[in-house]
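Residue numbers (UniProt numbering): 1 to 394. Cβ atoms here follow ideal geometry from the backbone N, Cα and C, with glycine treated the same way. Notes follow the structure.
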Amino acid sequence: MGKGTVILAFSGGLDTSICVPLLKEQYGFDTVVTVAVDVGQPDEDIRVATEKGELIGDKHYTIDIKERFVTEQLFPSIKANGSYEGYPMGTALARPLIAEEIAKIAKAEGATAVSHGCTGKGNDQLRFDFIFRKEGLDIIAPMREMNLTREWEMEYAEKHGIPVPVVKEKPYSVDENCWSRSIEGGQLEDPAFHPPEDIYAWTVSATAAPDEPRELAIGFENGVPVSLDGERLDGYALIRKLNEIAGANGVGRNDMIEDRILGLKAREVYEHPAATVLLKAHADLERLVLTRQELAFKAIVDDKWSELGYMGLVDEPLFAALSAFVDKTQERVTGTVDVVLYKGSVTVAGRSAKEAVYSDDLVSFESTTIDQNDAVGFSAYYGFQARLLAQLRK
Ligand code: ARG
């Protein structure tokens, strides 16, 4: 009598593929259900995962949550200017939803165990496990538990009739969703190694980008993007289109040293063209419509929101409280931001909003609406404690 059914988070890559026979031979499960969750990976990846899952698993599901990913994770992240150590989070935002989908299927299939292919060195194990433990599921993570080498994995795969990717050198580990593509591992593990051009898939190099700047108007409503050059698009379509436009102009590459949750520093390379543009435009619009007090406090909230998001602690009560604050501020973040994409850079050229906390009349050098003499009294008090002290110490 075996251990019943286990639900495996399945990408179709080598690691999760060999998990299928391992879960039976090493862990004693009778049935392995593979689940691929579509958060906007390339169609080809989803096709391969589906075909492979159907071939090697006992039962396979492909679940499309692209729309949900955009509205429930990416929109809130735009509102909170979501970034960790300076890059727009992507993988971190997808993991909790993927884990939830796996947990749902576990329930439907009457399984008490779930499995993922994460290693014991990265962040994703923690993001998955957090959700799985909350759901009371047993977690099997063969990559973390068995310390396998790639060579062993390839041989094991071949023995079990699993199609093996043909790669000579240690390949890169790539994770994709519609917001971000991350590339790590292989030669990139040497922080001094210059990334070769062929690791990139969404962006051209700045030098290969067109010589003509590309202008683009981005419309926002309540903190989320709703249009490109006046054309209304739903969130997923807008992000896809902007990925193409910005990527073609070399915008959205990022090569950085990142502090993982466990404390390990890692060299990560990212592509996130749409995210780069949208976050820049959104933050710029906020500067026009939010008050100085709101902006200063929101910067702290955004930072904490991002940290919890990065850690995948989406059920931490503070996360909901911060999100409520962010949502409240976004009620006025409606307007248009004009950006210029040019050879890898994105600059804001202009912005407008109905509820801008801005008066060109009051600020203008040409206007006499405000009597400039009003500032004299203010100036008399300005910094007087510091002046007083300087006087005493003379
Ligand atoms: N460092 C990023 C994060 O923790 C991306 C990790 C994605 N994984 C990968 N196999 N490329 O969010």
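Query	Result
Buried/exposed call for G120, threshold 16 Cβ in 10 Å	exposed
Neighbour-count burial assignment, R133, 16 or more Cβ in a 10 Å radius	exposed
Whole-Å CB distance - V339 paired with V346, under 8 Å assumed	6 Å
E153 and L14 closer than 8 Å at C-beta	yes
Beta-carbon proximity list for M89, same chain, < 7 Å, skipping 5 on both sides	S77, G82, S83, S306, G309 and Y310
Span of the alpha helix (DSSP H) around F220	Not the alpha helix (DSSP H): F220 falls in the beta strand (DSSP E), residues R214 to E221.
8 Å CB neighbourhood of K118 in its chain, flanking five on each side removed	As written in the sequence, residue 118 is Cys, which differs from the Lys given in the question. Same-chain partners within the cutoff: D124, Q125, F128, A141, M143 and R144.
Inter-stretch contact (C-beta, 8 Å, three-pair minimum) for the region 286-306 and the region 234-248	no
Cβ-based neighbour list, N222, same chain, cut-off 7 Å, excluding 5 preceding and 5 following	Q330, E331, V333 and T334
Selected residue, minimal CA-CA separation from V70, among T91, V289, G53 and T62	T91
Nearest-angstrom Cβ-Cβ length linking L8 and S115, presumed shorter than 8 Å	5 Å
Segment limits, alpha helix (DSSP H) that includes S379	D374 to Y381
Proximity of Y358 and L288 at Cβ, strictly below 8 Å	yes
Given I199 as reference, the closest of K66, L228 and P171 once Cα atoms are compared	P171
Option in H60, S227, R351 and E44 with minimal Cα separation from T34	H60
As assigned by DSSP and simplified to three states, the class of P42	coil
For L279, the first and last residue of its enclosing beta strand (DSSP E)	Taken as a continuous stretch (DSSP letters only), L279 belongs to no beta strand (DSSP E), being part of the alpha helix (DSSP H) at P273 to V289.
For D315, the three-state DSSP class (helix, strand or coil)	coil
Residues near A157 in its chain [Cβ-Cβ closer than 7 Å; skip 5 each side]	L14, S17, I18 and V164
Spatially closest choice to I139 from D45, F29, A217 and E294, by CA coordinates	F29
Backbone secondary structure at L233 - three-state DSSP	coil
Close-in-space but distant-in-sequence residues of the same chain around D58 (CB under 7 Å, 5 per side omitted)	T31, V32 and V33
Buried versus exposed call for P196 [16 or more other C-beta atoms within 10 Å across all chains shown]	exposed
Host beta strand (DSSP E) of Y342 (start-end)	G335 to Y342
Residue range of the alpha helix (DSSP H) that includes M225	The sequence shown places Pro at residue 225, rather than the Met named in the question. Premise fails: P225 lies in the beta strand (DSSP E), V224 to L228, not in any alpha helix (DSSP H).
Integer-rounded CB distance, given that G252 should sit under 8 Å from P225	The pair is not a contact, with the Cβ atoms about 15 Å apart (cut-off 8 Å).
Local conformation of A390 per DSSP, three classes	helix
Where G312 falls, given that 16 or more other Cβ within 10 Å makes a residue buried	buried
Residues bridged to Y87 [DSSP beta-bridge criterion]	Y84
Local conformation of E151 per DSSP, three classes	helix
Q372 classed as buried or exposed, judged by whether at least 16 other C-beta atoms fall within 10 angstroms	exposed
In DSSP terms, what V37 is bridged to	I63
Residue from F384, L362 and A324 with nearest C-alpha to D374	L362
Proximity winner among L97, A49 and E54, relative to E72 (alpha-carbon distances)	L97
M256 beta carbon near the ligand ARG (any heavy atom closer than 7 Å)	no
Whole-angstrom distance between A108 and V269, CA atom to CA atom	38 Å
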